[in-house]
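Chain order of the listed sequences is R and G.
Counted the way UniProt numbering counts, the first sequence spans residues 1 to 293.
Counted the way UniProt numbering counts, the second sequence spans residues 1 to 314.
We put the beta carbon where it would ideally sit given N, CA and C, even for glycine.
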Amino acid sequence: MSGGSDGTLRRTLSALRHDPPAVAGTVVLLLLLVVGVAGRWLAPAGVNDVDVDQMLRPPSLDHPFGTDELGRDVLSRVLVAARVSLEVGLVSVGIALLVGVTVGLLAGWYRGWVDNVLMRGMDVLFAFPVLLLAVAIVAVLGPGLVTAMVAIGVVYTPIFARVTRAGVLSVREQVFVRAAVSIGASDARIIRRHVLPNIAAPLIVQTSLSLAFAILSEAALSFLGLGVQPPDPAWGRMLYDGRGFVTEAWWLGVFPGAAIFLTVLAFNLVGDALRDVLDPRQLTVSEANRSRA
Amino acid sequence: MTRFVLRRLLQSAVVLLGVTLVVFLLLQLVPGDPVRVALGTRFDQQTYDALRERSGLDRPLVAQYVSYVGHALTGDLGVSFRSGQPVTTIVLERLPATLSLAVTAVLLALLVAFPLGVLSAVRSGSALDHAARVFSQFGVSVPDFWMGIMGILLFAGVLGWLPPSGYVALTEDPARWASHVILPATAVGLVTASILTRFIRSSVLEVLSEDYVRTAEAKGLRARVVVVRHVLRNALIPVVTVVAVQLASLVGGVIVIEVLFAWPGVGRLTYDAVQARDYPVLQGAVLFVAALFLLMNLLVDVLYARLDPRIGLR
């Protein structure tokens, strides 16, 4: 399997290199990663340094993104908030991937009542508009970073379960899987060695696109005050706090929103390019997913 | 066809039962006593006892759930911890505002997406096609509430043409309703338009490659006739269903926009219920929206099977 995987990786990287939007998306994501890791050191000022003499100052050399209603430096807050978005995106999609793939594997491999029970459960979660369910979960568990991650993870689990199950159902009929079954290989070994590597492509694509949706959902939750709690900065919360001042201080609306947009756009560009290379048939899954967001 | 409808009806009923279970369990997840949490500083023993009894929280869990489903089936979603009003009444009062916003957003989206999607498919590879793809990529990546804030900044702040927020009922004053709905509907509609543009483009492209379209072209029909009479009629069948699904998801999914624009719909109600820890209203709004969402999806599937008889035979 490893030779094939190397070949796929090489082909994917080569295709991405020749796709200008994907290159742009990758560059933005790499920059974002640097900002996410080193944001606190890159920030020109402390994120919670209140300065009442500097309230609502427009962009200048001292404050390139201006200051907010408490005189805090908007650039510093935008840089540090990148970490929150990335953390929530990665952890929540990680949860969705782990749970969704496990459910999808069990349902697709064992079929019968296991499949029925698990997938009807996924149907139930799918029946809620994404943000509404996330809001409801955070509302009862209490707002905060961890609950936002869990809530977003839960709402994106069904899509991973469905993609995985569909993959397993098709792979389990392949000759090499039947051969493995006939020589007495254990279920765990077949799933690990034969099934998972062969359903990895759609899962990679779904992961990349889900990161974009998860970051949008985190921004929406923090806009509603249900994500990271003040005074820690989050892009969505910054937009909410600045909305009352936006007509006299445009920078409060423009910069945090642009940061969300660029991040989501970058994940979408890379996700679309990966889909074109790895899984061209999966054209409507992301659209269906987005339409439910 | 009848078997298909019955099967979908049964599936939806099972999922709806699961939905009621999730919504019911939400209240159980509240750390501590939900009535106590909801009352907060307004606590007094008499109100507390009355609310606990009315909510049935003093009974065993299974009995509570059975009673919850039984009441929900008759349209009784409990009473608000705050106002004491029936939840169903509160949700239904907010529905027209949400519906008027969602329908306007979808209509605006169609106004853009239909010509853009069809033309970009018919002129695939042209500059217009590229522009349409950039537009749809932009639309799926931009947060609708950011678009809303930018709209407020430009049209309310700089130009002063539109009110920054607020709501007037359509039945009360259509002109003022229109001036209030245009910004939130455009913000939501932009995202919907980009999804629909992608979908219409790929649907039309698919039909354009069919043999009967080539036959129509080969027998010398004008391009316009081929597109209007042969391509669109078939390409629009799946589009109808996507439009309906979009509408359904907007009914429950415009929380942030309703909060931003102080639009008193179901989304804003959900947000207010979260803030006030009014759990029965939160549960009721979530259940109502999920049930509506399921119903719309069911209708869409039946409509789809009716428009394309092959679906019903599967």
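CA-to-CA distance, residue j to residue i, given in whole angstroms
i, j, result
"A81(R)", "V138(R)", "20 Å"
"G7(R)", "Q246(G)", "40 Å"
"S136(G)", "V78(R)", "26 Å"
"V181(G)", "V103(R)", "42 Å"
"L90(R)", "V146(R)", "12 Å"
"V93(R)", "A219(R)", "15 Å"
"T215(G)", "I237(G)", "21 Å"
"L232(G)", "V35(R)", "48 Å"
"V243(G)", "G148(G)", "22 Å"
"M119(R)", "L70(R)", "49 Å"
"V226(G)", "V207(G)", "11 Å"
"L21(G)", "S55(G)", "16 Å"
"A218(G)", "R229(G)", "15 Å"
"L30(R)", "L128(G)", "31 Å"
"S14(R)", "A24(R)", "15 Å"
"P174(G)", "L162(G)", "15 Å"
"H130(G)", "L262(R)", "20 Å"
"L9(G)", "L298(G)", "7 Å"
"R133(G)", "V205(R)", "19 Å"
"E93(G)", "L77(G)", "14 Å"
"S286(R)", "L203(R)", "Annotation note: pLDDT 41 at S286(R) (below 50); position unreliable, no value reported."
"V195(R)", "A107(R)", "13 Å"
"P96(G)", "T171(G)", "10 Å"
"F155(G)", "A187(G)", "12 Å"
"L153(G)", "D44(G)", "45 Å"
Own chain partners of residue i with C-beta closer than 6 Å, once the 5 adjacent residues on each side are dropped
i, result
"M122(R)", "P158 and A161"
"V264(R)", "A212, I215 and L216"
"S2(R)", "Low confidence applies to S2(R): its pLDDT is 40, below 50, so where it sits in the model is not reliable enough to give any reading."
"D51(R)", "G71"
"L75(R)", "P64 and F65"
"V142(G)", "none"
Environment of residue i [buried if 16+ CB atoms lie within 10 Å]
i, result
"M150(G)", "buried"
"T41(G)", "exposed"
"M1(G)", "exposed"
"F223(R)", "buried"
"I183(R)", "exposed"
"R243(R)", "buried"
"A72(G)", "buried"
"Q46(G)", "exposed"
"E53(G)", "exposed"
"Q54(R)", "buried"
"N289(R)", "Model confidence at N289(R) stands at a pLDDT of 42, short of 50, so the residue's coordinates are unreliable and nothing is read from them."
"N116(R)", "exposed"
"E173(R)", "exposed"
"G227(R)", "buried"
"S12(G)", "buried"
"A151(R)", "buried"
"H18(R)", "exposed"
"W113(R)", "exposed"
"L25(G)", "exposed"
"E258(G)", "buried"
Sequence-distant residues of the same chain with beta carbon closer than 7 Å to residue i, five excluded per side
i, result
"D187(R)", "W109"
"A102(G)", "L247, L250, V251 and V254"
"S80(G)", "V87, I90, D278, P280 and V281"
"V27(R)", "none"
"V5(G)", "V302"
Residue i CB to nearest heavy atom of the ligand HEM below 7 Å
i, result
"R198(G)", "Absent from the structure shown: the ligand HEM. Ligands present: none."
Supposed close pair residue i, residue j - CB separation, criterion 8 Å
i, j, result
"P31(G)", "G142(R)", "7 Å"
"P233(R)", "V47(R)", "5 Å"
"T241(G)", "A105(G)", "Not quite, the Cβ-Cβ distance comes to about 18 Å (not below 8 Å), so this is no contact."
"F114(G)", "I200(G)", "6 Å"
"V118(G)", "V204(G)", "6 Å"
"V35(G)", "L17(G)", "Their Cβ separation, rounded to whole angstroms, is 26 Å, which puts V35(G) and L17(G) out of contact at 8 Å."
"F255(R)", "L56(R)", "Going by Cβ atoms, the distance from F255(R) to L56(R) rounds to 14 Å, so no, they are not a contact pair."
Sequence-distant residues of its chain with Cβ nearer than 8 Å to residue i (five each side left out)
i, result
"V23(G)", "Q283, V286, L287 and A290"
"V15(G)", "L294"
"V277(R)", "R11, T12, A15 and L16"
"V19(G)", "L287, A290, A291 and L294"
Min CB distance residue i to chain A below 8 Å
i, result
"R243(R)", "Reference to chain A is not applicable here, since the protein chains of this structure are R and G."
- Which whole runs of the alpha helix (DSSP H) in the segment 84 to 163 of chain G are 4 residues long or more, in chain order? Taken in chain order, the whole alpha helix (DSSP H) runs of length 4 or more contained in the segment 84 to 163 of chain G are 87 to 122, 127 to 141 and 144 to 151.
- What alpha helix (DSSP H) runs, 4 residues minimum, are completely inside the segment 186 to 213 of chain R? With a minimum length of 4 residues, the continuous alpha helix (DSSP H) runs that stay inside the segment 186 to 213 of chain R are 187 to 190.
- Entirely enclosed alpha helix (DSSP H) segments - the segment 134 to 186 of chain R, minimum 4 residues: Every alpha helix (DSSP H) of 4 residues or more that sits fully in the segment 134 to 186 of chain R is shown, in chain order, as 145 to 171 and 175 to 182.
- Query: Taking the runs of the beta strand (DSSP E) that are 3 residues or longer, which of them lie wholly in the segment 15 to 62 of chain G?
  - Reply: Within the segment 15 to 62 of chain G, no complete beta strand (DSSP E) run reaches 3 residues.
- Query: For the segment 240 to 278 of chain R, which segments carrying the alpha helix (DSSP H) assignment without a break, of at least 4 residues, lie completely within its bounds, in sequence order?
  - Reply: Correct list: 251 to 278.
- Message: Threshold first: 3 residues or longer. Then list the beta strand (DSSP E) segments lying entirely within the segment 82 to 125 of chain R, N to C.
- Response: Correct list: empty.
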